[in-house]
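Chains as they are written, first to last, in my numbering: chain A, 62 to 305; chain B, 62 to 305.
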């Protein structure tokens, strides 16, 4: 299968050690869905070069684009640029446009560490946002976003238009039955129409008002409607609580 | 490096498509930290066998244990058992103990689909929880937990005692400076004491009362105290807003 959609890679010791609550992966999920960009996976990994490289290699086999969050900055734990360069087999170079912005900001007090902000994998392009001091570095479909949530949100909007969208129509059935007695019908439908994404989600919450939620997704509303009708016909009579 | 700690694999199309908010990965992060179990990574992937297999193989190279969430059940989208079996090079078999529980629950109405609940990679062990109808299947350090959040929480408690804990002492400094002017000091300390985990987290929130948060972690309180003292000595005078 050709790579398609986006995979997110959140670089964050602080998330894995529960010092801060994961926010950027969650925000990415929400905004990509709102725009209709397929999301393949979200990986939260430690600030370790070899782990990030391995995750990027896996992500790129499946997703056309990768958004990384975090590990961008001047300190020793900011290893994203180096890891992306390694994964892509490229050198790390200093980008003249970012270097100029760093020097303009720090003036004579500029340090070697501050200039690390200008580093990027060789051949990167820059994606600018009018409200951000520095552009996003992008290379071979990998967009390296900052981890600070305000900046991540801001910069995500500047890269979102780059991703191909895929229309998805969603149909939902809520059933009064648990999964086992409906599984055979779902199996048959899923097997005969593999191009339709069918999900089945039981709940054990007595307040929910249903036992299993069935989701049906496809690009065409007519296909979703046809599968929903087929399910209504083949599922046990009276088992449908409501439809959406 | 020997694999250590836990990696989480959340199997969830419904999370990636923003139909439900990710909860089990977040809960795992919180509970593992509270217990002192190192968490290496959390991967949220689609309900696709090959993707789960690839993620499991990567996870097992780094983590001693893997907790999966979701994809357990009788319907066509419940592919976790098959994926784990493939990743471990094992057959899928029916576990007599679970089969007996399924048959006891469904009686004569038991279906082939319901009996899928009894499937497990060959050679699995079962981890029982008194409040749960079915045990957790575990094989070669991979614990396959249900995705329904109430059940996930319940079953996580039954597997948590299996994981080795590592004491971590945390020291925190809040600084009035952004990262660039402090990066050289952090670099020097991190380089000379690589066994100490040092994190640096800038904020751009003017209400935060600081510009950069520095975290220092190690198993020994004395080592954390020594690194904190060294940072206080070497960082620009007056830059420390508060300590924790």
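Note that the Cβ used here is the ideal one computed from N, Cα and C, for glycine as well. All of these numbers come straight from a predicted model, not from anything done at the bench.
Which same chain residues, not among the five before or five after residue i, have their C-beta less than 8 Å away from its C-beta?
i, result
"residue 226 (chain A)", "96, 97 and 98"
"residue 242 (chain B)", "297"
"residue 220 (chain B)", "128, 188, 197, 199, 204 and 206"
"residue 300 (chain B)", "236, 237, 238 and 243"
"residue 302 (chain A)", "235, 236, 237, 270 and 271"
CA-CA distance, residue i and residue j?
i, j, result
"residue 86 (chain A)", "residue 206 (chain B)", "22 Å"
"residue 100 (chain A)", "residue 282 (chain B)", "42 Å"
"residue 223 (chain A)", "residue 294 (chain B)", "47 Å"
"residue 134 (chain A)", "residue 263 (chain B)", "9 Å"
"residue 271 (chain A)", "residue 178 (chain A)", "52 Å"
"residue 138 (chain B)", "residue 266 (chain A)", "21 Å"
"residue 89 (chain A)", "residue 244 (chain B)", "29 Å"
"residue 80 (chain B)", "residue 114 (chain A)", "30 Å"
"residue 174 (chain A)", "residue 252 (chain B)", "14 Å"
"residue 280 (chain B)", "residue 62 (chain B)", "18 Å"
"residue 228 (chain B)", "residue 273 (chain A)", "42 Å"
"residue 156 (chain B)", "residue 74 (chain A)", "38 Å"
"residue 183 (chain A)", "residue 147 (chain A)", "11 Å"
"residue 268 (chain A)", "residue 112 (chain B)", "34 Å"
"residue 248 (chain A)", "residue 248 (chain B)", "56 Å"
"residue 255 (chain A)", "residue 69 (chain A)", "26 Å"
"residue 211 (chain A)", "residue 168 (chain A)", "25 Å"
Is the Cβ-Cβ distance between residue i and residue j less than 8 Å?
i, j, result
"residue 118 (chain A)", "residue 127 (chain A)", "no"
"residue 158 (chain A)", "residue 176 (chain A)", "no"
"residue 285 (chain A)", "residue 232 (chain A)", "yes"
"residue 64 (chain B)", "residue 122 (chain B)", "yes"
"residue 246 (chain B)", "residue 288 (chain B)", "no"
"residue 94 (chain B)", "residue 78 (chain A)", "yes"
"residue 124 (chain B)", "residue 76 (chain B)", "no"
"residue 230 (chain A)", "residue 291 (chain A)", "no"
"residue 234 (chain A)", "residue 275 (chain A)", "yes"
"residue 149 (chain B)", "residue 201 (chain B)", "yes"
"residue 136 (chain A)", "residue 261 (chain B)", "yes"
"residue 102 (chain B)", "residue 107 (chain A)", "yes"
"residue 144 (chain B)", "residue 105 (chain B)", "no"
"residue 164 (chain A)", "residue 154 (chain A)", "no"
"residue 217 (chain A)", "residue 304 (chain A)", "no"
Anything in chain A within Cβ reach of residue i, meaning under 7 Å, just list it in chain order.
i, result
"residue 262 (chain B)", "75"
"residue 104 (chain B)", "102 and 104"
"residue 156 (chain B)", "Correct list: empty, because the minimum Cβ distance to chain A is about 17 Å."
Quick one: which chain B residues come within Cβ less than 8 Å of residue i?
i, result
"residue 137 (chain A)", "244, 247, 248, 251, 252, 259 and 261"
Is residue i helix, strand or coil by DSSP?
i, result
"residue 184 (chain B)", "coil"
"residue 66 (chain A)", "coil"
"residue 104 (chain B)", "strand"
"residue 205 (chain A)", "strand"
"residue 232 (chain B)", "strand"
"residue 133 (chain A)", "coil"
"residue 253 (chain B)", "helix"
"residue 168 (chain A)", "helix"
"residue 263 (chain A)", "strand"
"residue 163 (chain A)", "helix"
"residue 199 (chain A)", "strand"
"residue 179 (chain A)", "helix"
"residue 258 (chain A)", "strand"
"residue 274 (chain B)", "strand"
"residue 288 (chain A)", "helix"
In chain A, which residues lie less than 9 Å from residue i when you measure between Cβ atoms?
i, result
"residue 211 (chain B)", "264, 265 and 266"
"residue 94 (chain B)", "77, 78, 79 and 80"
Near residue i, what residues of its chain come up, given a Cβ to Cβ distance below 6 Å and the 5 sequence neighbours on each side ignored?
i, result
"residue 198 (chain A)", "181, 185 and 205"
"residue 130 (chain A)", "71, 85, 206, 208 and 213"
"residue 278 (chain B)", "229, 231 and 258"
"residue 132 (chain B)", "72, 108, 139, 140 and 141"
"residue 166 (chain A)", "none"
Kindly list, in the order they appear in chain B, the residues whose Cβ is closer than 7 Å to that of residue i.
i, result
"residue 240 (chain A)", "134, 135 and 136"
"residue 169 (chain A)", "Result: empty, since nearest Cβ-Cβ is about 13 Å, beyond 7 Å."
"residue 119 (chain A)", "115 and 119"
Note down, in chain order, every chain B residue with its Cβ under 9 Å from the Cβ of residue i.
i, result
"residue 174 (chain A)", "240, 241, 242, 243, 244, 245, 247 and 248"
"residue 283 (chain A)", "None at all; the shortest Cβ gap to chain B is about 20 Å."
"residue 90 (chain A)", "76, 77, 78, 79, 82, 83 and 105"
Under 8 Å between beta-carbons, which chain A residues line up against residue i? List them in chain order, please.
i, result
"residue 87 (chain B)", "82 and 83"
"residue 276 (chain B)", "75 and 80"
"residue 143 (chain B)", "Within chain A, no residue comes near residue 143 (chain B); the closest Cβ sits about 14 Å away, beyond 8 Å."
"residue 123 (chain B)", "112"
May I ask you to check if the CB of residue i is nearer than 7 Å to at least one heavy atom of the ligand ATP?
i, result
"residue 112 (chain A)", "Summarising the ligand content, the structure contains no ligands, and the ligand ATP is consequently not present."
Near residue i, what residues of its chain come up, given a Cβ to Cβ distance below 7 Å and the 5 sequence neighbours on each side ignored?
i, result
"residue 162 (chain B)", "194 and 195"
"residue 191 (chain B)", "none"
"residue 240 (chain B)", "261, 263 and 273"
"residue 215 (chain B)", "190, 192 and 193"
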